[in-house]
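According to this note's numbering, the stretch in the sequence shown is residues 241 to 572, in order. Just so you know, even glycine gets a beta-carbon here, dropped at the ideal spot from N, CA and C. Since this is a predicted model, take the numbers as computed values, not measurements. Worksheet: one structure, shown below.
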Amino acid sequence: MPRWRVPCSVVFMLLILPFFNANPIMASSENSDSIQYLDVVIEDNITHNISSWTQGLLIHEGYIYESTGKKGFSTLQRINMSTGIVEEIYNHNDSIFAEGLTIHDGKLIQLTYVSNIAFVFDLDSFDLVETYNYSGEGWGLCAMSEFFVMSNGSSQLSLRDLETFELINVINVTKNGAPLIYLNELECVGNLIYSNVWLTNEIVVIDLDSGNVTSSINASGLLTFSEEENADVLNGIAFDGNSSEFWITGKYWPYIFQVTFEEKHDLVNETDNGENVSSFENEEIIDENIVESDTFVNSLIILLIVCLIIWVFDLKLRGNSEKTQVQEHSGE
Numbered sequence: 241m242p243r244w245r246v247p248c249s250v251v252f253m254l255l256i257l258p259f260f261n262a263n264p265i266m267a268s269s270e271n272s273d274s275i276q277y278l279d280v281v282i283e284d285n286i287t288h289n290i291s292s293w294t295q296g297l298l299i300h301e302g303y304i305y306e307s308t309g310k311k312g313f314s315t316l317q318r319i320n321m322s323t324g325i326v327e328e329i330y331n332h333n334d335s336i337f338a339e340g341l342t343i344h345d346g347k348l349i350q351l352t353y354v355s356n357i358a359f360v361f362d363l364d365s366f367d368l369v370e371t372y373n374y375s376g377e378g379w380g381l382c383a384m385s386e387f388f389v390m391s392n393g394s395s396q397l398s399l400r401d402l403e404t405f406e407l408i409n410v411i412n413v414t415k416n417g418a419p420l421i422y423l424n425e426l427e428c429v430g431n432l433i434y435s436n437v438w439l440t441n442e443i444v445v446i447d448l449d450s451g452n453v454t455s456s457i458n459a460s461g462l463l464t465f466s467e468e469e470n471a472d473v474l475n476g477i478a479f480d481g482n483s484s485e486f487w488i489t490g491k492y493w494p495y496i497f498q499v500t501f502e503e504k505h506d507l508v509n510e511t512d513n514g515e516n517v518s519s520f521e522n523e524e525i526i527d528e529n530i531v532e533s534d535t536f537v538n539s540l541i542i543l544l545i546v547c548l549i550i551w552v553f554d555l556k557l558r559g560n561s562e563k564t565q566v567q568e569h570s571g572e
């Protein structure tokens, strides 16, 4: 009985055809247009204690409040905004690794890294008045009108009750449709959440309702080469509600910078449709295309292997068929 066979080349073309429609080299970044890319412009600065491992930063009524971390060095500080001098300090015991910091109802709330405790301090006296318990790691913390927003280094932000610190809800943060991990120090401004991204010079702006990143801020180049040698990563965002000014700093940084965020047009690349894309955005698009191209190549390799298996199997069937035909012919 004749056997129906599909040539391997036909099978291969049928398998590979859908991938040509999704060729990442020819495709543009569909979601990148929804993100605004900004640069940091320095307006002013004050000195910052270079021994401070900054974990949290906020501004209230003319003072900067800072949380510093590492065991044996964790503190809560009140800093004069004009001079940068520390005017009040609370020193934790050596077992505490302090983290994010926010203010609510005349109290300062300070997270800990793995102790599962949030300390509540009186704003004026720095007296410890209460503690909250929570599970998991504590990284960043900020307060909105109805809840606290807390990060743990993942792509999730937890919303917590202002009175009990109990978990209310979880926000999944995405950038260009993909989860954005390493969310760190936080600052809440209106319906937006500003977040440092750990180990990067990027600050992202997150929409509370959707969890989508709406803006990406490039905060690189704030320190000189010699200053960077002794400094660590960017970490610390504070918004002054009275002046609508942002201040940022980092771990062991020599300055706290007053900054504005502006879209730049002096260093841009032209896309095929004539739109301007900042170099920071363009680098991200290139990185995404590299990853997608690798995925495309890996898919091709898998398809080639499948085709090879089909080809070998087809040869084997043909060989068996020919032997059968020879035997049948010999027996006639």
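The beta carbons of F366 and E328 sit closer together than 9 Å.
Membership of E406 in any alpha helix (DSSP H) is not indicated, and neither H nor E is assigned to it by DSSP. For S466, the uninterrupted alpha helix (DSSP H) run begins and ends at 465 to 470, by DSSP. Taking a contact as a CB-CB distance under 8 Å, the pair E502 and D279 counts as one, their CB atoms being some 6 Å apart.
With respect to N475, N424 sits close: the two C-beta atoms are nearer than 9 Å. In the DSSP assignment, L474 falls within the beta strand (DSSP E) that extends over 474 to 480. Taking a contact to require three or more Cβ pairs closer than 8 Å, the stretch 295 to 308 and the stretch 316 to 334 qualify as touching. For the set G490, S394, I433, the Cα lying nearest the Cα of P419 is the one of S394.
Under a 10 Å Cβ-count criterion, F465 is classified as exposed, with fewer than 16 other Cβ atoms of the shown protein chains found around its own Cβ. If one requires a minimum length of 3 residues, the beta strand (DSSP E) runs lying completely within the stretch 286 to 323 are 294 to 300, 303 to 308, 315 to 320, in chain order. Annotation: L448 to I542 spans about 41 Å, alpha carbon to alpha carbon. In the DSSP assignment, L420 forms no beta bridge with any residue. Within the DSSP secondary-structure output, A358 pairs in a beta bridge with Y372.
For L397 against I433, the beta-carbon gap comes to about 7 Å, under 8 Å, which counts as contact. Membership of T500 in the beta strand (DSSP E) is indicated by the continuous run 495 to 502. Cβ contact annotation for T342 (same chain, cutoff 7 Å, sequence separation greater than five): L298, I349, L381, C382, A383, F388, in chain order.
In terms of Cα proximity to N289, the closest of L363, L316, V281, I411 is L316. In the assembly as shown, K415 is a buried residue. Its beta-carbon has 16 or more other beta-carbons within 10 Å. For N436, the CB contacts under 7 Å within the same chain, skipping 5 residues up- and downstream, are N424, E425, I443, L474, N475, I477 in chain order. V326 carries a strand assignment under DSSP once its states are collapsed to helix, strand and coil. Our two residues, T454 and N431, have alpha carbons roughly 12 Å apart in a direct line. Beyond the five residues adjoining it in sequence on each side, I275 comes within less than 8 Å, by CB distance, of K415, N416, V453, T454, S455, S456, E521 in the same chain, given in chain order. The continuous beta strand (DSSP E) containing T342 extends over residues 338 to 344. Apart from the 5 residues on each side of it in sequence, G490 sits with its Cβ closer than 7 Å to the Cβ of T294, A471, D472, V473, L474, N475, G476 in its chain, given in chain order. At a cut-off of 3 residues, the continuous stretches assigned as beta strand (DSSP E) that sit fully inside the stretch 424 to 461 are 432 to 437, 442 to 447, 453 to 458.
Going by DSSP, E485 is part of the beta strand (DSSP E) stretching over 485 to 490. No Cβ-Cβ contact shorter than 9 Å links P494 with T308. Just measuring C-alpha positions, the residue of H344, S322, L351 sitting nearest I336 is L351. Shown here, L544 sits in a helix according to DSSP, grouped into three states.
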